[in-house]
Amino acid sequence: VVFSSSSTTSLNSYGYSPHPLASYIQWVQELLTDSTTTVKPIIISITDSDPNVLKSMLVQIRELRYRLKQSSNSDEKLDLSHLVAVELNTSCPNIKNKPPPAYKVSLLKPLLDVLAEEFWIDESLPIGLKLPPYNYSTQFTDIVECLSQYSKSVKGISKNPFAFLTCTNTLGSSLLFPDQVVTPFSPQSPFALPTGLGGLGGDAIHSLALGNVYTFTQLLSSHGDPAMKNIKLIGVGGVTSSQARKRMHDAGASVVGCATLLGLKGVAGFELLNH
C-alpha cells in the first residue's frame, strides 16, 4: 500500500488476508470473552467464489456464535453471540482472473443463496455485503432487485436476510507514479506499487462513494418491500475528516469506515473524525 503526497488517498495491491478464518474466529472469541476489554460488535468479512466453501465458512462462524452464546453470563442482558456479524466481500478488485461477483448478478446469486440459507437457520445473524463502486443506474437497481427476491413473509411480517451494505470498496485498475506518493513501495519500480495497478481508496473516491451510498439509500427507502427499507448502509470511501464523516451520514450511511485514514494515522485517526 502507498499513500498520496497531496491528499489522504491510498493505493493498494492487497488480495485477501494471509490468515485463515480459524485464526480470526479464535481472535474474535478471545476479544469478546476477555473481561478486560470493551465489548464491541465485530464484523467478520469473508469471501470465496465457491458456494460450498462459503457454506463451510458460515458453519464455522455459526459454531463460534454458539460458543459465545454458551459463554454469556445468564445474569447479564448481553448475548455475546449477537455481537458477531458476517460481511461477504463481493468486490475485491485485485484478485487475478476472479472479477468481483457483485458486478454480475449471475455470479453473485449463488453466493447470496448460501447466505440466505444461513440466515433462515439463525435469524439473529446480521449479514451484509461489501460492494464495489458502481457508476451507472442499472448496476444499483439490479442489486436491489436481486436482494429483494430473498424477502419472505414470516407471521405476516416481511423479512430479508441482508442487514447492511458496505459502500464502497476500492476502485480497481488505478495507477499512481512514484512522484505522487509519500514513499514508493520499491525505488526500482517505475510505478508507486510493484504491481502497477491497484485499488484506489481515500479522498480520491470520496465523491463516488457518497454517490453510491446516496443512491442505495434512495432505492431502499422508496422500495415497496418494508424489509428492504430496513437495510442499513455502511459508508466507506474518503472518510478522512469530521466533515467527510458528516457528508457520508448526510448521504444516508448509518455507520462509516475509514481504512485509508487508519492506515495513515493509526488509531489517532478516529480522533480526527470526532472533532
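Here this note's numbering is used: the first residue of the sequence shown is 20, the next is one more, and so on.
Ideal placement from N, C-alpha and C gives every residue a C-beta, glycine not left out.
Simplified DSSP state of residue i, which is helix, strand or coil
| i | result |
| --- | --- |
| residue 276 | strand |
| residue 97 | coil |
| residue 295 | In the structure as shown, the chain begins at 20 and stops at 294. Residue 295 is therefore absent and cannot be evaluated. |
| residue 78 | helix |
| residue 6 | Since the first residue shown for the chain is 20 and the last is 294, residue 6 is missing from the structure and cannot be characterised. |
| residue 221 | strand |
| residue 23 | strand |
Member of the options whose CA lies at the smallest distance from the CA of residue i
| i | options | result |
| --- | --- | --- |
| residue 219 | 88, 30 and 154 | 30 |
| residue 100 | 145, 119 and 126 | 145 |
| residue 178 | 264, 188, 167 and 214 | 167 |
| residue 70 | 42, 56 and 134 | 134 |
| residue 258 | 164, 22 and 28 | 28 |
| residue 102 | 237, 164, 186 and 50 | 50 |
| residue 120 | 80, 156 and 161 | 161 |
| residue 110 | 65, 175 and 200 | 65 |
Beta carbon of residue i nearer than 9 Å to that of residue j
| i | j | result |
| --- | --- | --- |
| residue 292 | residue 241 | no |
| residue 188 | residue 150 | yes |
| residue 254 | residue 286 | no |
| residue 184 | residue 251 | yes |
| residue 77 | residue 105 | yes |
| residue 282 | residue 237 | no |
| residue 34 | residue 113 | yes |
| residue 224 | residue 118 | no |
| residue 221 | residue 157 | no |
Opening and closing residue of the beta strand (DSSP E) in which residue i lies
| i | result |
| --- | --- |
| residue 212 | No beta strand (DSSP E) contains residue 212, which DSSP labels as neither H nor E. |
| residue 253 | 251 to 255 |
| residue 29 | 28 to 31 |
| residue 103 | 103 to 108 |
Residue i, enclosing alpha helix (DSSP H) - first and last residue
| i | result |
| --- | --- |
| residue 236 | 225 to 240 |
| residue 291 | 287 to 293 |
Which ranges would you report for the beta strand (DSSP E) in the segment 117 to 204 if only whole runs of at least 3 residues count? 146 to 150, 171 to 173, 176 to 178, 181 to 186 and 190 to 194
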